[in-house]
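See below for the structure under consideration.
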Amino acid sequence: MVDGRERGDTIQSLNGQFSTEETHIGLVAASLDLDQTREIAELYNDSGDWNTTSQRWLDERRAERVTVEGSRRSFNAIKPRLQEAGGGLPPLRYLPDILDQCRNQRDQHQVIYCYLVAEDAVFRYVLHEYLVQGGDRGAAHLDFSDSQIIEMLEEFQHIGGEPLDWAESTKDRWASNFRGVLRSIGVIDSRQGTTGDVPNIGDVPLEIAAYWSWYEEGDEWLINPLGWQYLFQPEPFWEPQTPRLTKSTRWTSHQAHGRRWYEPIDDFYAALAGQTE
Numbered sequence: 005m006v007d008g009r010e011r012g013d014t015i016q017s018l019n020g021q022f023s024t025e026e027t028h029i030g031l032v033a034a035s036l037d038l039d040q041t042r043e044i045a046e047l048y049n050d051s052g053d054w055n056t057t058s059q060r061w062l063d064e065r066r067a068e069r070v071t072v073e074g075s076r077r078s079f080n081a082i083k084p085r086l087q088e089a090g091g092g093l094p095p096l097r098y099l100p101d102i103l104d105q106c107r108n109q110r111d112q113h114q115v116i117y118c119y120l121v122a123e124d125a126v127f128r129y130v131l132h133e134y135l136v137q138g139g140d141r142g143a144a145h146l147d148f149s150d151s152q153i154i155e156m157l158e159e160f161q162h163i164g165g166e167p168l169d170w171a172e173s174t175k176d177r178w179a180s181n182f183r184g185v186l187r188s189i190g191v192i193d194s195r196q197g198t199t200g201d202v203p204n205i206g207d208v209p210l211e212i213a214a215y216w217s218w219y220e221e222g223d224e225w226l227i228n229p230l231g232w233q234y235l236f237q238p239e240p241f242w243e244p245q246t247p248r249l250t251k252s253t254r255w256t257s258h259q260a261h262g263r264r265w266y267e268p269i270d271d272f273y274a275a276l277a278g279q280t281e
C-alpha cells in the first residue's frame with residue numbers, strides 16, 4: 005500500500021502488442037548518447053523545424069570530418085525519441101536547461117532515457133519483460149547477459165505473430181547497447197556486468213518520471229507510477245520517494261480520507277528548467 009492506496013495493476017508483458025511499423029533497430033544506430041541528444045535538441049530549438057535541424061547537423065558533422073552516413077543514422081535514431089517531447093515528457097525548449105539542473109551525468113542519462121523508453125517499442129518490450137521478472141525486487145538478481153536479452157528478442161511477436169526479422173549480428177549489437185543504456189542510468193555498474201540493482205535516482209529525473217506517471221494515470225498515479233517503474237524502482241521504493249516531492253516547490257500534496265496524493269504545479273517543466281519568474 006502506498007500513501008493509503010492499494011497497489012494498482014502491475015507491469016504486464018507487451019509481447020504481441022506492437023505492429024511491424026512500430027519496431028525498428030534505432031538502438032543499434034544510436035544508444036543513449038547524451039552529447040548527441042543534447043546537441044540535436046539545441047539545434048532544433050535554434051532552427052525551429054526538423055528539416056533545417058537535420059541539414060545543420062550533417063553540415064556540422066562534415067566540418068568535423070565525421071562520417072556523414074553514420075551521422076545520418078544517429079540523427080534518424082535520436083530524432084523520433086525527441087519527438088516524444090511534450091505531453092508527459094519535457095518539451096524540447098526546456099530540455100537543455102533541465103539537463104543543466106541535473107547534478108551529474110547519470111541523472112542526465114536518466115532524463116533522456118525516458119524519451120527512449122517512450123519511443124522505442126522493442127526497448128519497451130524487453131524492459132517490461134525484465135520488470136515482470138523483477139517484481140518487488142527490481143533489478144536485483146536479474147540476468148542482463150547477451151544470451152538472456154537475445155532470448156527475449158527471439159521470443160518477440162508482433163500483433164500478427166511475426167517475429168523480429170533481424171540478423172544475428174543486429175541482435176548482438178542491440179543486446180550490447182541495451183546493457184549500455186542500463187549502465188548509463190545506474191542499473192548495471194560495470195562494462196562487463198550482467199547483473200543489476202535498484203539505481204539511485206536524482207531529484208530531476210525523479211520528478212520527470214513522476215510527472216510522466218501523473219500525465220498518463222492522473223491523480224491516482226501513485227497506485228502504479230509507470231515512470232518510476234521504468235527507472236527500475238520497485239514498489240518498496242515508491243513511498244520512500246514521496247517525501248522528495250513534498251519538499252519540492254513544483255508539487256502540491258493533498259490528503260483526505262486516509263490517503264495522500266501529489267499533483268504538479270502549472271508550468272511544471274518551465275519551473276523545473278528554472279525559466280519561471
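The numbering of the sequence shown is this note's numbering, which starts it at 5 and goes up by one.
We treat Cβ as the ideally placed atom computed from N, Cα and C, and that holds for glycine.
Query	Result
Run of the beta strand (DSSP E) containing His113, from where it starts to where it stops	Looking at the DSSP string, His113 is not in any beta strand (DSSP E); the run it does join, the alpha helix (DSSP H), is 109-123.
Where His145 falls, given that 16 or more other Cβ within 10 Å makes a residue buried	exposed
Limits of the beta strand (DSSP E) - the one that Trp225 falls within	Trp225 -> no beta strand (DSSP E), and no H or E assigned at all.
Inter-residue spacing [alpha-carbon to alpha-carbon] between Glu220 and Gln112	22 angstroms
Cα-Cα separation, Met5 to Gly91	Since pLDDT at Met5 reaches only 39, below the 50 mark, its modelled position is unreliable, and no value is offered.
Minimum C-alpha distance to Leu276 - residue among Gly231, Glu211, Thr256	Glu211
Between the CA atoms of Gly165 and Ser23 - distance to the nearest angstrom	9 angstroms
Simplified DSSP assignment, three categories, for Phe148	coil
Nonlocal neighbours in the same chain, by C-beta distance under 6 angstroms from Phe182, ignoring five residues either side	Ile153
Secondary structure of Pro203, DSSP reduced to three states	coil
Residue range of the beta strand (DSSP E) that includes Tyr305	Residue coverage of the chain in this structure runs from 5 to 281, which leaves residue 305 outside it and unanswerable.
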